[in-house]
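*Asks:* Using the UniProt record's numbering, the letters of the sequence shown correspond one by one to residues 1 to 849.
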Amino acid sequence: MSSTQHVVVIGHGMVGHRFVEALRSRDAAGTWRVTVLSEEADAAYDRVGLTGYTEHWDRSRLALPGNDYAGDDRVELRLGSAVAEIDRVGKSVRTVAGQTFDYDALVLATGSYAFVPPVPGHELPCCHVYRTLDDLDAIRAAALRAAESGLHGVVIGGGLLGLEAANALRQFGLQAHIVERGPWLMTQQLDEAGGALLVRMIGGLGIDVHTSVGTDAIEPIDVTETGGVRVCLSDGSLIDAGVVIFAAGVRPRDELARAAGLEIAERGGVLTDLSCVTSDLSIFAVGEVAAIEGRCYGLVGPGYTTAEVVADRLLGGRAEFPEADVSTKLKLLGVDVASFGDAMGVAEDCLQVVVNDAVNQTYAKLVLSDDAKTLLGGILVGDASSYGVLRPMVGEQLPGDPMALIAPTGTGSAAGALGVGALPDAAQICSCNNVTKGDLTEAIAGGCREVAELKTCTLAGTSCGSCVPLLKQLLAAEGVEQSKALCEHFEQSRAEMFELISATEIRTFSGLIERFGSGKGCDICKPAIASILASTSSAHILDGEQASLQDSNDHFLANIQKNGSYSVVPRVPGGDITPEQLILIGEIARDYGLYTKITGGQRIDMFGARVDQLPEIWRRLVEGGMESGHAYGKALRTVKSCVGSDWCRYGQQDSVQMAINLELRYRGLRAPHKIKMGVSGCARECAEARAKDVGVIATETGWNLYVAGNGGMTPKHAQLLAGDLDDETLIRYIDRFLMFYIRTADRLQRTAPWVEDLDGGLDHLRDVVCNDSLGLAAEWEAAIARHVDGYACEWKGVLDDPDKLARFVSFVNAPGISDPTVAFTERAGRKVPVPTGHAVPIGMPTIKP
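Below is the structure:
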């Protein structure tokens, strides 16, 4: 035997790639060379995040890091090389193309295939499985045809994969149906009460859920050139569909092992012992194809563990497969679901603590030992914020009352009641990669100071990512000051990036990342950079490269709603509107069938517009003298006012005119977060100015200026910055306050937490704004003046530019097709949406640097 041995890996999924990485990282002596034979044309990609592909259609964004093994001459990757036969006697494998590879050790990482039940008609062209990138490409093409013909989408199977598939169909713009034989969804992870709540929540989002129902047949129907079918259910229901996705479970790809005479488990899969070795001592099995002591695990966490075990064994170690963590956490369609440990409560004499909050649509269950001291498992539906802390506590003694950990009164209660600091060192923080709290604290003691460093050092958080919040908490608990880096691609903070952009006048993301960053960027840094570029220039946000940086709302200059439609909000400065403008809004709402509502910011919101209708709606508004209200942007939203001294007998100043002046001055001003203002004409505060980022309240001699008030999840009253100001001084101070905030706040930071984070707090802010202690007042006032001079309505800019107008179609691959899913119904006399639209419109561009 030569000094260098050869291991052949059949399969290049997530687990096969993890095995290669684990072996190469440990094999410093170069004992093994590796050949990977992959049936797919794509190198290893994130199959757990497969649904994310439907949002950007960029295969490279799912590629696992290092999946091409560039620069490693001891690893050979052969894509599109399906294996036809294993010769155990000759210790070789032969590919379909006829190539032969000898091995000293063979690793089967063939994974699973999607099970398709023998339903009559399952072979029809519109029937698909949801397993690979190629599958999603095929489903997308079928969905476009189905949308054109008004057909629905059907998912057969209501487990984890079925929910992901239904979510994808919804994103494609189809009315989605889930057909599940069991009495509730996710029967493998949830109990009856949790599953029933999930059914109600998914149904409330516009997806039709059919439980305790089977599929009798799938029959072709006469729909011209669409391949439409009629799905016949066992309860007599009929669904006309253009896409049918089978998500009825998976089966291990064990056909090569069977043909080679390896021992197969009773329920399928290659039988192995705890060392993952098969009945042939030269052959190992990892991932979903491995039946460890007879059991297959369909989750990536246990799969990664098998890869680590085999890598250790090939290098002479004695690792064995431990008890698997089959915890699950997902968020689809805005619904949190999690289960962990003994979720079903099968342990003898176990106790269950349950909180079923029908009003807030949350369900939480903890399974405890018979003495109520040890956590065995649990289920969370509707709110899974406690999952990160509860899951590592499985098998550990709880430090207090278990009810306090899931009571609705403690939002994120487990995190608040326990915190990562209360966890023992043996608690498993990252189940995907088997990383304990002790491993992480050791890494921190060894010099890791950031989440990215912990990921690299321990692999925690590099798979599903659900443990990343705990990594941040642990760093804080260990006294490590957190980095202010914008993201992993820019080591600078948002404030530092603002200064760099201002100083260098680089106006493109590609130029900035080339000079100051690394990689291609992400969904954190791209919108943040887009905001800075917008706040330092009057260029249109959809001009050139900058258009690709915007999030979905800014990309379409409208707020996307839960049913996939959009809202239209024209600006009404200070709530002041003419009769002609009111009539125009009413006519538009009537002509396009929109739902109208007067908002808390004293303007009128029109709901239910399709993306292709937005330009014509806005053309009529612009021609009527109205403009964008920026309800979609991280910018000034509204300046609310009372009727002031013109009409109110208590009014001390003209609050309406001041509100109009402020709104017209700061309209379109981009910021780290949305900005709201209010102007009250007297101390009675009818405009609720002290709940705003900037609040102005009239006095007998002028105006009191309040700042840093916020609504939302953590409401804050604004604080008095200066009193009895004349008009000119008031506006100067607001100029300075806004520019100080825009230049120094973190991304997505509201004004209230920004002031709290300032060294010196309000006193320092007052010194900077009122006394110009930094000497920057003139520069900031000049910046606002440039903004005022350069302001232009963003929607008018779209209407005047054919290239920008071309973006506003429901389906970019079929621009003549309108979104068929926007619909309304009546509820208590009000028009409300039937939420059957897509969460992210087809046509949303791939975000590229």
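Ideal Cβ positions, reconstructed from N, Cα and C, are used throughout, including at glycine.
1. Quick test of your reading: G66 and E21, contact by CB under 8 Å. State the CB separation rounded to the nearest angstrom.
2. Quick one: grab the DSSP three-state call for V56.
3. Does the distance from the C-beta atom of G30 to that of T54 stay below 9 Å?
4. Let's see if you can read the secondary structure: which residues bound the alpha helix (DSSP H) around T95?
5. I'd like to check one pair, V75 with L37: are the Cβ atoms closer than 9 Å?
6. What residue does the alpha helix (DSSP H) around I139 start on, and which one ends it?
7. Short of 8 Å in beta carbon distance, which residues of its chain neighbour Q719, apart from the five on each side in sequence? Order them along the chain.
8. Taking the alpha-carbon positions, what's the L64 to E663 distance?
9. May I have a chain-ordered list of the beta strand (DSSP E) segments no shorter than 3 residues that lie completely inside the region 297 to 383?
10. If we call anything under 9 Å between Cβ atoms a contact, is residue 875 one with I506?
11. According to DSSP, is G519 helix, strand or coil?
12. Can you tell me where the beta strand (DSSP E) holding G678 begins and where it ends?
13. Please list the terminal residues of the continuous alpha helix (DSSP H) segment that includes C457.
14. Going by CA-CA distance only, name the one from A609, G153 and C232 that's closest to S565.
15. Look at the alpha carbon of L271 and the alpha carbon of L314, and state the distance between them as a whole number of angstroms.
16. From R61 to K674, what distance separates their C-alpha atoms?
17. Once DSSP output is grouped into helix, strand and coil, what is the label at M606?
18. Considering P220, what are the terminal residues of the alpha helix (DSSP H) in which it resides?
19. Below 9 Å between beta carbons: does that hold for F340 and L405?
20. From A193, A783 and R258, pick the residue whose C-alpha is nearest to that of S538; which is it?
21. Out of curiosity, what's the CA-to-CA distance linking F592 and M344?
22. Is F19 close to chain B, meaning its C-beta is less than 9 Å from at least one C-beta of that chain?
23. To the nearest angstrom, how far is the alpha carbon of M497 from that of P527?
24. Helix or strand or just coil, what does DSSP make of A814?
25. I'd like the span of the alpha helix (DSSP H) that includes K19, first residue to last.
26. Closest by CA to A631, which one among D654, F607 and C648?
27. Considering only the alpha carbon of each residue, which of Y387, R251 and G377 lies closest to V394?
28. CB-CB under 6 Å to R747, same chain, minus the five flanking residues each way: which ones, in chain order?
29. If we ignore side chains and look at the alpha-carbon of each, how far apart do R318 and V435 end up?
30. Measure from the alpha carbon of K472 to the alpha carbon of each residue in R253, L454, L799 and D772, then state which is nearest.
31. Using 8 Å as the Cβ pair cut-off and three pairs as the minimum, do the region 80 to 95 and the region 199 to 212 touch?
32. W32 by DSSP, collapsed to three states: which one?
33. Closer than 6 Å by C-beta to A265: which residues in its own chain qualify, once you throw out the five before and the five after it? Chain order, please.
34. Just to confirm the assignment, what range does the beta strand (DSSP E) spanning S538 have?
35. Quick check on the DSSP output: the beta strand (DSSP E) that includes F172 runs from which residue to which?
36. Name the DSSP bridge partner or partners of Q397?
*Replies:* So, from the data block:
1. 7 Å
2. Note that residue 56 is His in the sequence shown here, rather than Val. Helix, per DSSP.
3. no
4. Element bounds for T95: not the alpha helix (DSSP H) but the beta strand (DSSP E), S92 to T95.
5. no
6. L133 to S149
7. Y706, V707, A708, G709, V755 and L762
8. 47 Å
9. 328 to 332, 335 to 341, 351 to 357, 362 to 368 and 375 to 381
10. Absent from the model: residue 875. The displayed extent of the chain is 1 to 849, so no value can be given.
11. coil
12. I675 to S680
13. V451 to T458
14. A609
15. 19 Å
16. 29 Å
17. strand
18. Careful: P220 lies outside any alpha helix (DSSP H), inside the beta strand (DSSP E) at T215 to P220.
19. no
20. A783
21. The displayed chain sequence assigns Tyr, not Phe, to residue 592. Approximately 50 Å, taken between the alpha carbons.
22. Of the chains in the structure shown, none is chain B; there is only one protein chain.
23. 13 Å
24. Its pLDDT being 48, under 50, A814 is placed unreliably by the model, and nothing is read from it.
25. Sequence check: residue 19 is Phe here, not Lys. It spans M14 to R26 - the alpha helix (DSSP H) in which F19 sits, taken as one unbroken run.
26. F607
27. G377
28. R494, A528 and P672
29. 19 Å
30. L454
31. no
32. strand
33. L271, A291 and G294
34. No beta strand (DSSP E) holds S538; DSSP gives it neither H nor E.
35. Taken as a continuous stretch (DSSP letters only), F172 belongs to no beta strand (DSSP E), as it is neither H nor E.
36. T374
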